[in-house]
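Asks: Have a look at the structure that comes next, please.
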Amino acid sequence: MVMKRELKIGNAMAAAVYSAYIFIFSTSNLPADPLLRAVDLGTVAAAGNLSANWVGFGDVYDYRKFTLNSGAKLQFTVNSTDAVKFTVYNEAGKAVGNVAVKAGIAANTKDIMVSAGTYYLSVQSTTAKKGGNADYSVALNESSYFFPQGDNTNDTWQAAQGQTAKLAGEEITGWVGFGDAADFIKFQVAGDGQIVLD
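According to the working numbering, the sequence shown is numbered sequentially starting from 9.
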C-alpha cells in the first residue's frame with residue numbers, strides 16, 4: 009500500500025510518499041474451537057494418572073479428551089508447581105466441574121456425576137501473563153466410581169410390551185442406578201393365584 013502525505017513547513021508545502029506493508033497472520037489451519045485440538049486420551053475406565061505436562065507463558069492452555077463407556081462419579085486430583093485452573097467440559101463444551109490449584113498444593117475436584125460420552129479437560133496457567141511456569145499432573149483418584157453399563161432398552165412400560173414374557177420359576181436379573189434408573193420386565197402367569205417374588 010502506497011500512501012502520500014503533505015507536510016507544511018513554514019509557508020512551503022512538501023510532499024512525502026512512503027510505502028507501508030501490512031502483514032496479516034492467519035491460523036485458519038486450526039479449528040476455531042480449542043476443544044477440537046484436544047489430545048485424545050482414549051477410553052477411561054479406572055482411576056489412575058491421565059496427563060502430565062506444562063503450561064505457562066506462551067502456552068496458556070492444555071486440552072485433553074477422553075471417553076466414558078458408562079456413567080461415572082469422577083473426582084480428579086491436580087498437582088502443579090504454579091497456579092493453574094482445572095476444568096472438565098462435556099461434549100457440548102459446558103463446564104461440569106473445576107478447581108483452582110495453588111502452587112505446590114494438590115487440589116481435588118468435587119464429585120462430578122457424568123453419563124457415558126465424550127469429555128474434555130483443560131489446564132490453564134493463571135499466571136501466564138506474569139511469566140507463569142507450571143509443571144502439572146492430572147489423575148482420577150480412588151474416590152472415582154464407574155457404574156455398570158445399564159440396559160436402556162427396557163426403561164419404560166411401553167418398552168416392556170415387546171419383551172418375551174418371563175415364566176414362573178425363571179430368574180429376573182438386571183441392574184439399575186445412575187444412567188439406568190428403572191427396568192420394566194414383562195412376565196406371564198398360567199392362571200389365577202398368588203405371586204411370590206424372591
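For glycine and all other residues, C-beta sits at the position ideal for the given N, C-alpha and C.
Secondary structure at GLN166, three-state DSSP: helix, strand or coil?
Replies: helix
Asks: Tell me the rounded alpha-carbon separation between ALA124 and ALA54.
Replies: 14 Å
Asks: Determine, using beta carbons only, whether LYS2 and ALA176 come nearer to each other than 8 Å.
Replies: The structure shown does not extend to residue 2, since the chain is modelled only from 9 through 206, so no value can be given for it.
Asks: Assess, as a yes-or-no matter, whether the stretch 142–152 is touched by the stretch 182–201 under the definition of 3 or more beta carbon pairs within less than 8 Å.
Replies: The stretch 182–201 is not in contact with the stretch 142–152.
Asks: Can you have a look at VAL92 and say buried or exposed, based on whether 16 or more other CB atoms are within 10 angstroms of its CB?
Replies: buried
Asks: Please name the residue or residues paired with ILE120 in a DSSP beta bridge.
Replies: LEU82
Asks: Looking at C-beta atoms only, is the number of pairs between the stretch 109–127 and the stretch 76–92 that lie closer than 8 Å three or more?
Replies: Cβ pair count under 8 Å is three or more, so yes.
Asks: For the pair the stretch 127–146 and the stretch 59–78, tell me if three or more CB-CB distances fall below 8 Å.
Replies: yes
Asks: Exposed or buried, what is PHE74 when buried is set at 16 or more other beta-carbons lying within 10 Å of its beta-carbon?
Replies: buried
Asks: Is the distance from the Cβ of SER145 to the Cβ of ASN106 below 8 Å?
Replies: no
Asks: Report the residue from VAL68, GLY56, ASN77 whose alpha carbon sits nearest the alpha carbon of GLN157.
Replies: ASN77
Asks: Could you pull the DSSP bridge partners for GLN132 from this structure?
Replies: TYR69, LYS93
Asks: Among LEU129, GLY199, ASN98, ALA114, which residue has its Cα nearest to the Cα of THR89?
Replies: ALA114
Asks: On the three-state DSSP scale, how would you describe LEU175?
Replies: coil
Asks: Count the other CB atoms within 10 Å of the CB of VAL197; is the residue buried (16 or more) or exposed (fewer)?
Replies: exposed
Asks: Just how far apart, CA to CA, sit ALA103 and VAL96?
Replies: 6 Å
Asks: Roughly how far, in whole angstroms, is the beta-carbon of SER133 from the beta-carbon of TYR71, given that I think they are within contact range, below 8 Å?
Replies: Not confirmed; about 13 Å, so no contact.
Asks: Pull up the distance between the alpha-carbon of ALA190 and that of ASP200, whole angstroms please.
Replies: 27 Å
Asks: Helix or strand or just coil, what does DSSP make of ASN160?
Replies: Here ASN160 sits in helix by DSSP.
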